[in-house]
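These protein sequence lines are chains A and B, in that order. Under the working numbering, the first residue of the first sequence is numbered 1, with each subsequent residue one higher. Under the working numbering, the first residue of the second sequence is numbered 1, with each subsequent residue one higher. We treat Cβ as the ideally placed atom computed from N, Cα and C, and that holds for glycine. All values reported here derive from a predicted model rather than from experimental measurement.
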Amino acid sequence: MALLITDDCINCTVCEPECPNSAISAGDDRYVIDADKCTECVGHFDESQCIDVCPVDCIIVDPARTESPEQLQDKYEKLMAA
Amino acid sequence: MFNESAVINIVSEAPAGVPDCLTKKDFESNQDVRWCPGCGDYAVLAQVQKLLPTLGIARENFAFISGIGCSSRFPYYMETYGMHSIHGRAPAIASGLKLARPDLSVWVVTGDGDALAIGGNHFVHAMRRNVDLKILLLNNRIYGLTKGQYSPTSEMGKKTKTTPMGSIDRPFNPLALALGAGATFVARALDTDLAHLQSVLARAAQHKGTAFVEIYQNCIVFNDGAYDKLTDKATRADARVLLEHGKPMVFGKDRNRGIVMRGMQAEAVTIGENGITEADLLVHDETADNSALAFFLSQFEGPDFPVPLGVFRAVETPTYQDRAACQAAEARIAKGQGELDDLLGSGDTWTIE
Numbered sequence: 001m002a003l004l005i006t007d008d009c010i011n012c013t014v015c016e017p018e019c020p021n022s023a024i025s026a027g028d029d030r031y032v033i034d035a036d037k038c039t040e041c042v043g044h045f046d047e048s049q050c051i052d053v054c055p056v057d058c059i060i061v062d063p064a065r066t067e068s069p070e071q072l073q074d075k076y077e078k079l080m081a082a
Numbered sequence: 001m002f003n004e005s006a007v008i009n010i011v012s013e014a015p016a017g018v019p020d021c022l023t024k025k026d027f028e029s030n031q032d033v034r035w036c037p038g039c040g041d042y043a044v045l046a047q048v049q050k051l052l053p054t055l056g057i058a059r060e061n062f063a064f065i066s067g068i069g070c071s072s073r074f075p076y077y078m079e080t081y082g083m084h085s086i087h088g089r090a091p092a093i094a095s096g097l098k099l100a101r102p103d104l105s106v107w108v109v110t111g112d113g114d115a116l117a118i119g120g121n122h123f124v125h126a127m128r129r130n131v132d133l134k135i136l137l138l139n140n141r142i143y144g145l146t147k148g149q150y151s152p153t154s155e156m157g158k159k160t161k162t163t164p165m166g167s168i169d170r171p172f173n174p175l176a177l178a179l180g181a182g183a184t185f186v187a188r189a190l191d192t193d194l195a196h197l198q199s200v201l202a203r204a205a206q207h208k209g210t211a212f213v214e215i216y217q218n219c220i221v222f223n224d225g226a227y228d229k230l231t232d233k234a235t236r237a238d239a240r241v242l243l244e245h246g247k248p249m250v251f252g253k254d255r256n257r258g259i260v261m262r263g264m265q266a267e268a269v270t271i272g273e274n275g276i277t278e279a280d281l282l283v284h285d286e287t288a289d290n291s292a293l294a295f296f297l298s299q300f301e302g303p304d305f306p307v308p309l310g311v312f313r314a315v316e317t318p319t320y321q322d323r324a325a326c327q328a329a330e331a332r333i334a335k336g337q338g339e340l341d342d343l344l345g346s347g348d349t350w351t352i353e
């Protein structure tokens with residue numbers, strides 16, 4: 001599963017530089033995660049870095065993007081190869 | 001007195017069409033925002049940038065004036081006119097601007113140190129004069145820019161770099177101070193409750209006179225968690241009460257807690273216990289004849305009472321710039337347009353030989 005930033009986001013920028021996949025960017029109203037680039041930090045860290053640093057706990061698992069750990073690992077390897 | 005470099009973000013282009021066409025992006029400057037990642041200031045900036053295009057005011061008619069501090073970097077990030085001015089003196093400069101250009105929408109962005117320590121004098125006089133300014137006080141209860149010394153709103157006992165054994169200073173209550181100085185619009189909001197913050201800012205923008213908004217804002221580096229009880233989803237419903245004009249003060253996650261007045265004492269009660277019904281609860285009145293209720297509410301703090309958020313007081317009285325314009329018009333009628341040189345050479349004069 002990829003991660004999703006909810007509308008509780010205060011645009012504080014703390015998550016953007018933490019993302020090892022550069023999947024996070026500033027959107028119109030709040031920061032957004034590119035689901036095609038988000039591996040939930042699989043391949044990089046044990047925990048999702050953005051969830052770890054978010055001061056308002058506004059980052060959740062995207063219910064519309066269900067991916068298994070294997071799929072995330074696969075996504076990670078493809079991103080690294082690109 | 002000011003060098004040119006202090007005047008920033010000059011909007012050199014023609015107005016971007018009619019104000020209705022403006023969007024949040026039109027109010028975002030090209031400057032990199034240099035607050036710490038995680039800072040609550042970002043939330044306030046985004047909500048202000050979101051609000052301004054809805055006000056029907058041309059972009060070149062906004063001015064943001066600040067003093068010194070983290071929050072005072074605000075004007076750099078607004079694509080409006082603005083001035084990053086003198087420590088604590090933003091209300092004075094903004095008052096002068098509003099008097100000279102009453103057509104402008106003038107905003108002051110300040111912090112607990114800028115407004116209440118070095119700028120305490122200017123703050124209270126802005127409140128009593130009722131100049132048509134919007135004053136946003138970003139209160140993180142710490143000196144952030146100078147890396148973590150206690151501020152005039154730091155709570156007693158707080159350990160900081162300058163209070164290693166804990167602060168022995170009694171903190172200012174900014175709302176009580178503003179009300180005591182005669183403020184006509186007083187409100188409080190939280191950096192993390194964006195919809196509520198937006199609604200409070202919109203109310204402030206509509207107010208004719210000095211509109212004072214205290215925004216509880218988290219400093220993630222030097223005072224992280226200062227408002228955790230108010231922002232944490234598990235505790236916030238019981239820790240705060242949202243003020244709504246004309247409505248009883250109900251709070252709590254089950255919406256079964258309330259405030260009653262017993263004589264001159266407030267009490268937090270549970271609806272349904274001891275015969276208490278919603279009809280017994282204190283009803284909020286922003287426009288009361290005097291500021292007693294608002295002052296009462298400003299004293300509420302945890303854990304005994306929920307912290308009130310929203311508009312405490314909003315009353316209309318003539319603004320300073322309206323009174324000044326009226327007096328100037330009367331003087332012109334009585335004495336004509338006048339000449340400055342004549343005035344300076346009038347009265348008792350001396351020639352030194």
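- Annotated three-state conformation of L99(B) is helix, per DSSP.
- Under the criterion of beta carbons closer than 8 Å, F74(B) and L99(B) do not qualify as touching, at roughly 22 Å.
- Annotation: A211(B) is outside any alpha helix (DSSP H); the continuous beta strand (DSSP E) that includes it extends over A211 to Y216.
- In the three-state scheme derived from DSSP, where H, G and I count as helix and E and B as strand, I333(B) is classed as helix.
- With a contact defined as Cβ atoms closer than 8 Å, S154(B) and T110(B) miss out at about 16 Å.
- Using a Cβ-Cβ cut-off of 9 Å, V56(A) counts as an interface residue toward chain B, since at least one Cβ of chain B sits closer than that to its own.
- Boundaries of the beta strand (DSSP E) around R188(B): F185 to L190.
- Here DSSP, grouped into helix, strand and coil, assigns Y81(B) to strand.
- Rounded to whole angstroms, the gap between the alpha carbons of A226(B) and D36(A) is 36 Å.
- Within the same chain, Cβ atoms closer than 7 Å to the Cβ of A189(B) are found at H196, L197, V200, V213, I215 and L309, the five residues on either side in sequence being excluded.
- Of all C-beta pairs linking the region 126 to 133 of chain B to the region 141 to 161 of chain B, fewer than three are shorter than 8 Å, placing the two stretches out of contact.
- Ranking K50(B), E79(B) and T319(B) by CA distance to the CA of N30(B) puts E79(B) first.
- Here the alpha carbon of D103(B) sits roughly 28 Å from the alpha carbon of L343(B).
- Just measuring C-alpha positions, the residue of C9(A), P17(A) and I51(A) sitting nearest D191(B) is C9(A).
- Rounded to the nearest angstrom, the gap between the Cα atoms of S346(B) and E353(B) is 19 Å.
- Annotation for N139(B): G111, D112, T153, P174, E214, I215, Y216 and Q217 place their beta carbon closer than 8 Å to its own, counting only its chain and skipping 5 residues before and after.
- Setting aside the 5 residues that flank it on each side, A92(B) is surrounded in the same chain by H122, each with a C-beta closer than 6 Å to its C-beta; the list follows chain order.
- Residue environment analysis places H284(B) among the buried positions, since at least 16 neighbouring C-beta atoms fall within 10 angstroms of its C-beta.
- When beta bridges are read from the DSSP output, I24(A) appears opposite I33(A).
- Under the Cβ criterion of 9 Å, C39(B) is counted among the residues facing chain A.
- In summary, H245(B) is exposed, with fewer than 16 beta-carbon neighbours lying within 10 Å of its beta-carbon over all protein chains present.
- Per the DSSP secondary-structure output, E267(B) pairs in a beta bridge with V260(B).
- D224(B) belongs to the set of residues whose beta carbon lies under 9 Å from a beta carbon in chain A.
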